[in-house]
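In the numbering used here, the protein residues as written are 11 to 452. C-beta: ideal position from N, C-alpha, C; glycine also. All values reported here derive from a predicted model rather than from experimental measurement. First the structure, in the form of structure tokens, and then the observations on it.
Listed below in structure tokens is the structure:
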């Protein structure tokens, strides 16, 4: 005979929680896997688990406005004739025209230009609006080769060979048919209105030796002027960074699993890849082992939200960061003012799981002309520039407090960790100790 204690509420399973149960029922009812945009939503060790050790007696801080703290960065100094000079180490990551509206791409270009930084094309090719409003534009060279042509390679200021992305290392993105408009179809040489899945690997090379040949081809096409980036998803950062350097990259872009605005399977996003925090130190170690740290620049992306995140990434050894999700929020995506319309889509402002549907009320992740017209690219560009300015000032404030006259002078010694996991991943001491998991005793 069983007896239920009326004073004890029913206990739900931690393994089979409400979300898991709902997903099982949805899969059973539809036979279709779930697709969404953006990076992982699960909680993973992140920059919040690190703190800076400001200067006091043992370290000397910079004095207010009397002493300068340089925020500039130069990318592509290894081989390119024309390296990129940026006023801030915060760049805009690749997000395609197709996934985003033309107005959104224009806004990103305007904002990046006002802030003195670069923006990146994404998987859909280069639009005239984006090129026209981006002082510094990085052209992404992806497995799909959508819109790829020598003219646009030469029009770009740098070329980013995309091997993988943080939200889906080893997998390709999706663009549903409702976002394949006439213009998108023409640029990508695809049938209008048909779902599209990007290739997960490049069609003409299978390893680092072939990549080296491809990079040389790109250099010949662009007369060795443009910096060549290689972007990898966070999976095996030490070896991928080392092989990218061996292949001749000027810049390595490393994307953790909190990054990625394009759509793919939810199960992929949540279960493949590594947290951004876990990716940085192995990549830096690879550069150091090859004697190439600061000679080949490292850009970190995936979950960068504030100037503190920027400063922490730089302290761990990066030269710059890239933002995607945060940039979309800055120009107006997921704004609560559209909550009623988000509710009609079955979501809510801040969930950002509707980006792939093409019905974005904010006019950003859509190809619907009426919705896209809601976004004023001039005003949105100013918002992005304001956000980038604030982030830069925040990072600069922290660097000053640590006694650094340049953002990239921040170092691991300036950090401590709040958790064992963060200490192990970042290889900085647990707060109040001089030890982190895996540190060798001498």
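Own chain, CB closer than 7 Å to residue i, minus 5 neighbours either side, in chain order
i           : result
residue 110 : 374 and 375
residue 183 : 133, 208, 272, 273 and 274
residue 179 : 243, 244, 245, 282 and 283
residue 313 : 49, 56, 266, 268, 269 and 286
residue 24  : none
Residue environment, residue i, which counts as buried when at least 16 other CB atoms sit within 10 Å
i           : result
residue 452 : For residue 452, the pLDDT reaches just 48, beneath the cut-off of 50, and the residue's location in the model is therefore unreliable, although a value from the coordinates is still provided. Looking at its Cβ environment, which holds fewer than 16 other Cβ atoms inside 10 Å, residue 452 is exposed.
residue 322 : buried
residue 29  : exposed
residue 400 : exposed
residue 406 : buried
residue 444 : exposed
residue 70  : exposed
residue 160 : exposed
residue 253 : buried
residue 402 : buried
residue 309 : buried
residue 31  : exposed
residue 198 : buried
residue 202 : exposed
residue 344 : buried
residue 150 : buried
residue 237 : buried
residue 66  : exposed
residue 113 : buried
residue 68  : exposed
DSSP state of residue i mapped onto helix, strand, coil
i           : result
residue 210 : coil
residue 303 : strand
residue 426 : strand
residue 389 : helix
residue 399 : helix
residue 96  : strand
residue 452 : Low confidence applies to residue 452: its pLDDT is 48, below 50, so where it sits in the model is not reliable enough to give any reading.
residue 222 : helix
residue 233 : coil
residue 184 : strand
residue 116 : helix
residue 29  : helix
residue 151 : strand
residue 133 : coil
residue 253 : helix
residue 362 : coil
residue 416 : strand
residue 85  : strand
residue 46  : strand
residue 241 : strand
residue 170 : strand
residue 54  : coil
residue 326 : coil
residue 406 : helix
residue 262 : strand
residue 101 : strand
residue 273 : strand
residue 279 : helix
residue 308 : strand
Contact set for residue i: own chain, Cβ-Cβ below 6 Å, skip 5 residues either direction
i           : result
residue 191 : 377
residue 431 : 55
residue 5   : One cannot answer for residue 5 here, as it falls past the ends of the chain, which runs 11 to 452.
residue 371 : 348 and 351
residue 384 : 373
Proximity test, Cβ basis, 7 Å: residue i and chain C
i           : result
residue 223 : In the structure shown, chain C cannot be found, because there is only a single protein chain.
Minimum C-alpha distance to residue i - residue among the options
i           : options               : result
residue 174 : 162, 145 and 212      : 212
residue 103 : 414, 410, 197 and 176 : 176
residue 120 : 142, 248 and 422      : 142
residue 116 : 434, 395, 260 and 387 : 387
residue 95  : 150, 291 and 123      : 123
residue 429 : 59, 16, 27 and 164    : 59
residue 42  : 276, 317, 241 and 222 : 276
residue 354 : 369, 447, 340 and 342 : 369
residue 76  : 426, 241, 410 and 37  : 410
residue 61  : 437, 425 and 446      : 425
residue 435 : 398, 447, 382 and 288 : 288
residue 205 : 189, 381 and 420      : 189
residue 79  : 442, 250, 415 and 118 : 415
residue 72  : 438, 412 and 15       : 412
residue 260 : 249, 239, 220 and 280 : 239
Nonlocal neighbours in the same chain, by C-beta distance under 8 Å from residue i, ignoring five residues either side
i           : result
residue 418 : 83, 99, 304, 324 and 329
residue 223 : 215
Is the number of C-beta pairs between the segment 261-272 and the segment 331-349 that are closer than 8 Å three or more?
-> yes
Spell out a yes or no on whether the segment 298-312 and the segment 336-355 are touching, meaning 3 or more CB-CB pairs, one atom from each, closer than 8 Å.
-> Because the criterion of three Cβ pairs below 8 Å is not met, the segment 298-312 and the segment 336-355 do not touch.
Taking one C-beta from the segment 357-364 and one from the segment 84-101 each time, how about it: are there three or more such pairs within less than 8 Å?
-> no
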